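Residue numbers (this note's numbering): 5 to 126.
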């Protein structure tokens, strides 16, 4: 008899739990995810955050080019081949002044450039 009562209790608990899961799935709002807007073909964008910092500070460079981009190259205060989109630290900024970060990307439609400035103060 005790086994039947225990089985009945477990069945009720499982049923109630499943019902709650279904109800929560219907009525609980799903979180909104943010996606980066696509860059139109033949464009590249670059930004620096923060765009003002102190000597010996750091900043992050972010860039994104259109999907049909073949290659990207950095210039100005940074250099080298870059992926179509990404983020990179400036590294420790050891001197004050205005810093210019450039990126040039190539696609089948031509070459596209963007730049961003960073102000480093004492």
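Note that the Cβ used here is the ideal one computed from N, Cα and C, for glycine as well.
Remember, predicted model here, so these are calculated numbers, not experimental data.
Short Cβ contact (7 Å threshold) for residue 63 with residue 52: Yes.
Does residue 107 pass the burial test, meaning 16 or more other C-beta atoms within 10 Å, or should it be called exposed? Per the 10 Å Cβ criterion, buried.
In angstroms, rounded to a whole number, what distance separates the CA positions of residue 38 and residue 48? The predicted model places residue 38 with a pLDDT of 44, which falls under 50 and marks its position as unreliable; any figure quoted below should be read in that light. If I take the Cα positions, the gap works out to 20 Å.
Check for me: the beta strand (DSSP E) holding residue 77 runs from which residue to which? 73 to 80
Just to confirm my understanding: we take residue 103, look at its own chain, exclude 5 residues before and 5 after, and list those with CB closer than 8 Å. What are they? 80, 81, 94, 97, 121, 122, 123, 124
Beta-carbon gap between residue 126 and residue 59 smaller than 7 Å: yes
Can you look up residue 33 in the DSSP assignment and give me helix, strand or coil? Here residue 33 scores only 49 on pLDDT, less than 50, and its place in the model should not be relied on; the value that follows carries that caveat. If DSSP states are grouped into helix, strand and coil, residue 33 belongs with coil.
Using 8 Å for Cβ pairs, my map puts residue 66 next to residue 111. What's the rounded Cβ distance? Residue 66 to residue 111, Cβ: 19 Å. No contact.
What's the gap between the Cα of residue 77 and the Cα of residue 119? 12 Å
What are the boundary residues of the beta strand (DSSP E) that includes residue 110? Here the beta strand (DSSP E) through residue 110 covers 101 to 111.
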